[in-house]
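Residue numbers for the sequence shown follow the working numbering, beginning at 26 and rising by one. Comments concern the structure below.
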Amino acid sequence: MPRIVAVPGTHDLLPPRSDAWERLHRIHREVAVRHGYRLADTPIFEFTDLFERGVGTGTDVVEKEMYTFVDPGGRSLTLRPEGTAGMVRACLSAGLLQQWRPLRLHYAGPMFRRERPQRGRYRQFHQVGIECIGERSPQLDVEVVEVGWRFLQALGLDGVSVQLNSLGDVADRSRYRAALVAYYDPHRPQLCPDCRRRLEVNPLRLLDCKRDATLAEAAPVVHEVLSQESASYFDEVLRGLRAADVPVAVNPRLVRGLDYYAHTAFEFWHRSMQGAQNALGGGGRYDGLAELLGYPPTPGVGYAFGVERLLLVLEDTGVVLAEAGDPTVVVCSVSDSAEQAETAAAVARRLRRAGTTAVLDVSARRLARKLELADRLAARLCLIVGDDEVRTRTVQLKRPGEPSRRLQLDTVEDEVIRAIGTTSKNR
Ligand code: HAM
């Protein structure tokens with residue numbers, strides 16, 4: 026029978042990579058919590074309308090990349106391609122803004138986009154992100170970008186640039202759209218088929234077409250059409266980021282792939298990756314999103330990072346992000362006798378109660394092999410239980426490269442803690 030394999034564009038999370046994965050999530054949570062962000066989570070599938078209206082029908086994500094299906098009840102559902110629309114829906118439908126404003130939330134979880142799979146681009150991928158919902162202030166834009174920057178610093182990642190732009194408000198954007206159409210229209214015959222269509226539906230998207238990149242270079246920039254108010258909002262964000270010591274590069278061609286942005290838009294790029302197609306993370310202000318979803322106008326700003334992309338860049342640049350891990354003790358029996366197994370299990374239980382990570386090996390394998398496997402688990406020491414030990418209520422303590430010594434079973438946890446010098450963080 027043919028072997029069943031993973032669906033292309035998906036991947037499994039397994040040790041040892043899962044150690045770095047856990048550490049990355051822990052660091053993100055710590056940095057976000059330190060800035061007042063609290064955990065939120067939303068369903069993985071939503072009504073399709075949420076994304077059609079929120080993300081925008083003219084975007085690649087909605088046009089080509091959504092996993093949409095009709096459930097037996099006849100409703101069109103979609104696996105979430107991103108987290109922001111769901112977060113805004115969740116907070117507004119729960120009426121949370123009456124209690125907290127702004128609402129500061131952090132999240133982590135899988136997203137789904139039917140893109141062409143390649144390195145750093147998957148069909149199921151994971152994001153960590155934050156959203157700050159309910160207030161409009163350049164200081165909050167600064168805060169969100171700064172949290173992202175502090176997160177990257179905490180990961181120990183170098184070579185990142187923050188690309189920052191303003192997309193202006195609705196009026197600015199319609200002026201900008203008109204300017205882009207006027208610029209691109211004479212070049213229509215040279216445009217790729219996708220861009221010819223985009224010119225009708227969503228001219229901003231022409232700016233990040235790879236095929237028409239040279240044309241994009243000479244296209245009008247949004248700053249030429251920003252109102253006085255939008256320009257000074259952007260200046261304030263820039264000043265705030267400078268004061269926070271977050272280095273930014275103003276990039277007038279940054280447009281983002283989702284339609285809900287207004288004013289501030291930003292991406293985190295790494296020097297080893299090719300710009301916008303491979304951003305480590307991105308975000309911006311989305312003051313019009315709530316209304317598109319049928320709720321009262323509610324401002325918001327946030328970001329999301331791609332977890333797999335971050336891990337790739339960390340691996341490529343040699344940053345080791347292993348979870349520090351608790352010291353592990355392996356408790357093994359000499360044979361697979363039931364008495365030895367019971368005593369070894371009792372020893373392991375005592376250690377765990379005292380806060381030590383204890384792994385049991387009461388298999389029929391030879392003792393030498395058990396010690397080898399313990400070594401592979403990076404065990405700090407092994408405790409061995411044979412028939413003698415069962416009879417005398419003792420265990421043998423064995424450390425790599427040292428002679429073994431005998432411990433009393435009733436005080437084994439104190440001796441072990443003394444020997445390894447610490448206990449679990451998760452006690
Ligand atoms: P986004 O730029 O579409 O923004 O995605 C954020 C990050 O998710 C990207 O920078 C990238 O690292 C990762 N990502 C996106 N697509 C893929 C993929 N196919 N494979 C691997 N990684 C991917 C958003 O999703 C917005 N919701 C961010 C946001 C939050 N804006 C405001 N608040």
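Every residue gets a Cβ at the ideal spot worked out from N, C-alpha and C, and that includes glycine.
Heavy atom of ligand 1 within 8 Å of residue i beta-carbon
{"i": "residue 67", "result": "no"}
{"i": "residue 140", "result": "yes"}
{"i": "residue 150", "result": "yes"}
{"i": "residue 333", "result": "yes"}
{"i": "residue 109", "result": "yes"}
{"i": "residue 283", "result": "yes"}
{"i": "residue 136", "result": "yes"}
{"i": "residue 83", "result": "no"}
{"i": "residue 384", "result": "no"}
{"i": "residue 402", "result": "no"}
{"i": "residue 304", "result": "yes"}
{"i": "residue 156", "result": "yes"}
{"i": "residue 57", "result": "no"}
{"i": "residue 330", "result": "yes"}
{"i": "residue 6", "result": "The first residue shown for the chain is 26 and the last is 452, placing residue 6 beyond what the model contains."}
Beta bridge counterpart(s) of residue i as assigned by DSSP
{"i": "residue 189", "result": "275 and 291"}
{"i": "residue 383", "result": "354"}
{"i": "residue 101", "result": "95"}
{"i": "residue 129", "result": "157"}
{"i": "residue 63", "result": "130"}
{"i": "residue 433", "result": "419"}
{"i": "residue 137", "result": "149"}
{"i": "residue 143", "result": "146"}
Spatial neighbours of residue i in its chain, beta-carbon cut-off 7 Å, leaving aside the 5 residues before and after
{"i": "residue 100", "result": "72"}
{"i": "residue 450", "result": "Because the pLDDT at residue 450 is just 46, under 50, the model does not fix this residue reliably, and the value given afterwards should be weighed accordingly. Here the set comprises 351."}
{"i": "residue 174", "result": "187 and 271"}
{"i": "residue 373", "result": "356, 383 and 385"}
{"i": "residue 38", "result": "46"}
{"i": "residue 117", "result": "315, 320 and 323"}
{"i": "residue 221", "result": "213"}
{"i": "residue 395", "result": "357 and 386"}
Own chain, CB closer than 8 Å to residue i, minus 5 neighbours either side, in chain order
{"i": "residue 227", "result": "81, 83, 84 and 284"}
{"i": "residue 86", "result": "76, 80, 106, 107, 138, 282 and 283"}
{"i": "residue 61", "result": "129"}
{"i": "residue 347", "result": "41, 44, 45 and 48"}
Element boundaries [alpha helix (DSSP H), containing residue i]
{"i": "residue 151", "result": "Counting along the chain, residue 151 falls outside any alpha helix (DSSP H), though it belongs to the beta strand (DSSP E) covering 149 to 158."}
{"i": "residue 316", "result": "314 to 317"}
{"i": "residue 85", "result": "85 to 89"}
{"i": "residue 395", "result": "392 to 401"}
{"i": "residue 111", "result": "109 to 118"}
{"i": "residue 258", "result": "253 to 268"}
{"i": "residue 297", "result": "Neither: residue 297 is in no alpha helix (DSSP H) and is coded neither H nor E."}
Cβ-heavy atom distance, residue i to ligand 2, below 8 Å
{"i": "residue 263", "result": "As presented, the structure is devoid of ligand 2, carrying ligand 1 as its sole ligands."}
Residue span of the beta strand (DSSP E) that contains residue i, given as start and end
{"i": "residue 168", "result": "First-last for residue 168: 163 to 180, but that is the alpha helix (DSSP H), not the beta strand (DSSP E)."}
{"i": "residue 71", "result": "70 to 72"}
{"i": "residue 421", "result": "419 to 423"}
{"i": "residue 328", "result": "325 to 331"}
{"i": "residue 407", "result": "406 to 410"}
{"i": "residue 310", "result": "306 to 310"}
Close-in-space but distant-in-sequence residues of the same chain around residue i (CB under 6 Å, 5 per side omitted)
{"i": "residue 181", "result": "344"}
{"i": "residue 326", "result": "157, 165, 166, 169 and 310"}
{"i": "residue 440", "result": "432"}
{"i": "residue 134", "result": "none"}
Closer than 9 Å to chain C by CB, residue i
{"i": "residue 344", "result": "Absence of chain C from the displayed structure is noted, only one protein chain being present."}
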